[in-house]
Structure formats: C-alpha cells, structure tokens
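Asks: Encoded as structure tokens, here's the structure I'll be asking about.
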Amino acid sequence: NFFELGGDSIVSLQIIAKIRQAGYLITPKQVFEQQTIALLTKHLVVLQDDDLIEQSVAGQVPLLPIQSSFFKKEMVERSHLNQAVMLHSDQALDEVALNAAISTLIETLDALRLRE
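Position 67 of the sequence shown, counted from 1, bears residue number 67 in the UniProt record's numbering, the numbering being contiguous throughout.
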C-alpha cells in the first residue's frame with residue numbers, strides 16, 4: 001500500500017512524473033484511490049504522441065483573480081506588481097521533491113506558463 005510505505009502527495013507527484021516518462025498517464029486522484037501497484041496498473045493509459053507535445057497558451061485568456069484585483073486598484077504607477085511570500089518549515093525540505101512538485105504545477109496550470 002502506497003501510504004503504508006510512507007507515500008504522500010509529493011511522492012505521488014514524483015511517481016506520476018516517472019510513469020509519464022515511461023509513456024503512461026495516471027492521475028493523482030488514481031494514486032490516492034488505487035493505493036497498490038496492482039490496482040494502479042489497471043488504470044494506466046498509454047500516452048499518444050499528441051499527449052507528449054507541450055501545448056502553448058494562445059489567444060485570449062480571462063484575467064486571473066490577482067490580475068483582476070491589480071487592474072481595479074487606483075495606482076499612479078502600473079508598471080509592475082511585486083507579490084512576495086515567505087514559507088517556513090520546521091522540517092528539512094527535499095529539494096528534488098519540491099522541484100518535482102513545482103514542475104508539475106507549472107505543467108498542469110496554464111496560468112503559470114503565461115508570458116506577456
């Protein structure tokens with residue numbers, strides 16, 4: 001069982017990325033619901049060539065909530081917006097797992113790939 005062996009959401013993202021590299025697709029929901037290798041293999045989908053092509057964002061996209069809020073504010077200078085967040089953890093962070101999680105977020109969320 002994935003969770004009995006110490007699996008968690010970060011490890012699941014790493015597993016999903018490795019499965020994708022091997023040419024298969026599985027979702028985080030499936031990892032959490034089908035908690036053994038035997039059950040997961042029943043849900044693997046073979047990736048097609050089209051699935052491997054990274055799609056770029058094109059055309060008009062609705063504003064994100066932070067963008068909408070920015071444009072509603074009265075400002076003298078609208079050339080930029082800085083938003084900073086500092087995170088603290090009492091436990092050591094696994095750099096590989098953190099990078100895998102961030103990469104998965106960027107791959108999954110179109111808004112994180114938008115460019116001006």
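Idealized CB from N, CA, C, for every residue including glycine. The structure displayed is predicted, hence computed values, not measured ones.
1. Tell me whether A100 is buried or exposed, calling it buried when 16 or more other Cβ atoms sit within 10 Å of its Cβ.
2. Pull up the CB-CB distance for I26 and I19, whole angstroms please, since I reckon it's below 8 angstroms.
3. Are the CB atoms of V31 and G7 nearer to each other than 9 angstroms?
4. For S89, count the other beta carbons within 10 Å of its own beta carbon; 16 or more makes it buried, fewer makes it exposed. Which is it?
5. How is V45 classed by DSSP in three states: helix, strand or coil?
6. In whole angstroms, give me the CA-to-CA distance for I102 and L13.
7. Take D110 as the anchor and find which of P62, S79, V45 and L47 has the nearest alpha-carbon.
8. What does a CB cutoff of less than 6 angstroms around L64 pick up in its chain, not counting 5 residues either side in sequence?
9. Identify whether A25 lies in helix, strand or coil by the three-state DSSP scheme.
10. With a Cβ-Cβ cutoff of 9 angstroms, do Y24 and V11 count as a contact?
11. Return helix, strand or coil for E4, following the three-state DSSP convention.
Replies: With the structure as the only source:
1. Position 100 of the sequence shown, counting from 1, holds the residue named residue 100. A100 comes out buried.
2. By one-based count along the sequence shown, residue 26 stands at place 26. By one-based count along the sequence shown, residue 19 stands at place 19. About 5 angstroms; that satisfies the 8 angstroms criterion.
3. Position 31 of the sequence shown, counted from the first residue, corresponds to residue 31. Position 7 of the sequence shown, counted from the first residue, corresponds to residue 7. Their beta carbons are under 9 angstroms apart, which means V31 touches G7 by this criterion.
4. Looking up residue 89 in the sequence shown gives position 89. S89 is exposed by the Cβ-count criterion.
5. In the sequence shown, counting from the first residue as 1, residue 45 sits at position 45. Of the three classes helix, strand and coil, the one that applies to V45 here is strand, per DSSP.
6. Translated into positions along the sequence shown, residue 102 becomes position 102. Translated into positions along the sequence shown, residue 13 becomes position 13. One C-alpha to the other measures close to 10 angstroms.
7. As a working note, residue 110 is residue 110 in the sequence shown. Nearest option by C-alpha distance: P62.
8. Taking the first residue of the sequence shown as position 1, residue 64 is located at position 64. So the list reads A111, once near-sequence residues are dropped.
9. For the purposes of this step, residue 25 is identified with residue 25 of the sequence shown, where counting begins at 1. The sequence given here has Leu at residue 25, not Ala. Strand at L25.
10. One-based indexing of the sequence shown puts residue 24 at position 24. One-based indexing of the sequence shown puts residue 11 at position 11. No; because the gap between Cβ atoms is not below 9 angstroms, this pair is not in contact.
11. Taking the sequence shown and counting its residues from 1, one reaches residue 4 at position 4. Of the three classes helix, strand and coil, the one that applies to E4 here is coil, per DSSP.
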